[in-house]
Structures are given as structure tokens and as C-alpha cells.
Amino acid sequence: MFLILYIAFGIVTYVLSWILATAGMLRLLEIHSVFDRLLPDTNWWFLLLLAGSLYVFWDAAQNFVTVVLKRLIWSPDDGKI
Numbered sequence: 001m002f003l004i005l006y007i008a009f010g011i012v013t014y015v016l017s018w019i020l021a022t023a024g025m026l027r028l029l030e031i032h033s034v035f036d037r038l039l040p041d042t043n044w045w046f047l048l049l050l051a052g053s054l055y056v057f058w059d060a061a062q063n064f065v066t067v068v069l070k071r072l073i074w075s076p077d078d079g080k081i
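Under this note's numbering, the first residue of the sequence shown is numbered 1, with each subsequent residue one higher.
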């Protein structure tokens, strides 16, 4: 169950960060009429910051969990974390 949630959260944050980054880049390039109609009063810089933060958080969490699981599950006899 944990692994399914782990993978799902990773996919969602990765896709969301790419969508928001693409939308923000199109906004910067002034190709934003579609996005203005979909999300009229959106602070695009905030969305870009949020997307970047989610991606950095996900990357850090993934690295931490990978190290902890590797130490505790795959080599529990070490006694070191």
C-alpha cells in the first residue's frame, strides 16, 4: 500500500510540476490566451514556485525514503542508519 501511494504521489507531483512549468513558460512567452481563459485571475509566479517546491520536496522525500528503506530492509544487519 505504501509503495502504491509513494509511486502515485511521485507521478502526480512530477506531472503537475511539468504542467505548471509549461504554463508559466507559455505565460512568459505571451502565448497565454488559452490559460487566461481557463484560469483568469491566477498568479503564475506563485504556481511556478509551488511546482518547483513540490518537485524539490518530492525529490528530497524520495531520496530519504530510499536510503532509509535500503538500510533497514535490504541490509538490516548493519545496525547503522
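Cβ coordinates follow ideal geometry from the N, Cα and C atoms, glycine included. This structure is a prediction, so every number in the text was calculated from the model and none was measured.
Compute the beta-carbon to beta-carbon distance between Ala51 and Leu3, rounded to the nearest angstrom, for a pair I have assumed lies under 8 angstroms.
Cβ-Cβ separation between Ala51 and Leu3: approximately 25 angstroms, too far for a contact (criterion under 8 angstroms).
C-beta neighbour in chain D for Trp58, strict 8 angstroms:
No chain D appears in this structure, which consists of one protein chain only.
Out of Phe9, Val12, Val67 and Leu48, point me to the one whose CA is closest to Ala84's CA.
A query on residue 84 cannot be resolved here, the shown segment of the chain reaching from 1 to 81 and no further.
Straight-line Cα distance separating Asn63 from Leu5:
16 angstroms
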